[in-house]
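*Asks:* My structure is below; once you've seen it, I'll send some questions.
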Amino acid sequence: MSINSQQLCSESSGTGNSNPIGAVDESGEVPASFIDWVPAPPFAATANAAPNSFKMEYHPKASHATEYESFSTYGRQSFQPSLSDDVPWAPFLSWVDFEIAELTHQSAMSKEQINQLLKLIWLIAGGQSGFTLRSYNDVTNAWFHVVLQLTPVHIT
Numbered sequence: 208m209s210i211n212s213q214q215l216c217s218e219s220s221g222t223g224n225s226n227p228i229g230a231v232d233e234s235g236e237v238p239a240s241f242i243d244w245v246p247a248p249p250f251a252a253t254a255n256a257a258p259n260s261f262k263m264e265y266h267p268k269a270s271h272a273t274e275y276e277s278f279s280t281y282g283r284q285s286f287q288p289s290l291s292d293d294v295p296w297a298p299f300l301s302w303v304d305f306e307i308a309e310l311t312h313q314s315a316m317s318k319e320q321i322n323q324l325l326k327l328i329w330l331i332a333g334g335q336s337g338f339t340l341r342s343y344n345d346v347t348n349a350w351f352h353v354v355l356q357l358t359p360v361h362i363t
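Just add 207 to the spot in the sequence shown (first one is 1) and you have my numbering.
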């Protein structure tokens, strides 16, 4: 059940009908017990916090006071990515390296499959393979010819 501001601010008539959720007492006020469950905003502004700092709150049973630390205490450094329009595939060493890595990622290939693919690429690049497939149609035609050479199976 949702609570709207009209329900919270309306006065109870004592009949119990005007306040179906029981959030407002007889004086028309929202009791503290109802508000206590509402959490504080996670990043509420505090007087002790500096602009470039963070707040560490410990568990109440830890008996440790809240601390405010600056990011520089922990060696925070500004990071500037080295992206440029001249080399959009960086940090890969070449455009082809990026394309192969992207293809393996999009295909969700396993480590073994990626290693096998890269071995084949290096074999082809070395000119020692006699690789002839150039398109999807070449691959499907090759599979079709394989199927024709298999012994047909008849289930009776």
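The C-beta atom is built at its ideal place from N, Cα and C for all residues, glycine as well.
The structure displayed is predicted, hence computed values, not measured ones.
According to DSSP, is tyrosine 275 part of a helix, a strand, or is it coil?
*Replies:* strand
*Asks:* Spatial neighbours of phenylalanine 299 within its chain, please: CB distance less than 7 Å, with the 5 preceding and 5 following residues excluded, ordered by chain position.
*Replies:* Phe305, Ala308
*Asks:* Specify the secondary structure class of phenylalanine 351 as computed by DSSP and reduced to three states.
*Replies:* Assigned with DSSP and collapsed to three states, phenylalanine 351 falls in helix.
*Asks:* Just list the residues that DSSP pairs phenylalanine 261 with in beta bridges.
*Replies:* Glu276
*Asks:* Is it the case that the Cβ atoms of lysine 262 and tyrosine 281 are separated by a distance below 9 Å?
*Replies:* No, Cβ-Cβ distance for lysine 262 and tyrosine 281 is not below 9 Å.
*Asks:* On the three-state DSSP scale, how would you describe valine 294?
*Replies:* The answer is coil: DSSP assigns valine 294 none of H, G, I, E or B.
*Asks:* In this structure, does DSSP put phenylalanine 299 in helix, strand or coil?
*Replies:* coil
*Asks:* Using the three-state DSSP reduction, which class does glutamine 335 fall into: helix, strand or coil?
*Replies:* Coil.
*Asks:* Roughly how many angstroms separate the alpha carbons of serine 277 and glutamine 313, rounded to a whole number?
*Replies:* If you take the alpha carbons of serine 277 and glutamine 313, they lie about 40 Å apart.
*Asks:* Could you tell me the alpha carbon to alpha carbon distance between threonine 347 and serine 279, rounded to whole angstroms?
*Replies:* 60 Å
*Asks:* What is the rounded straight-line gap between the Cα of valine 354 and the Cα of histidine 361?
*Replies:* 15 Å
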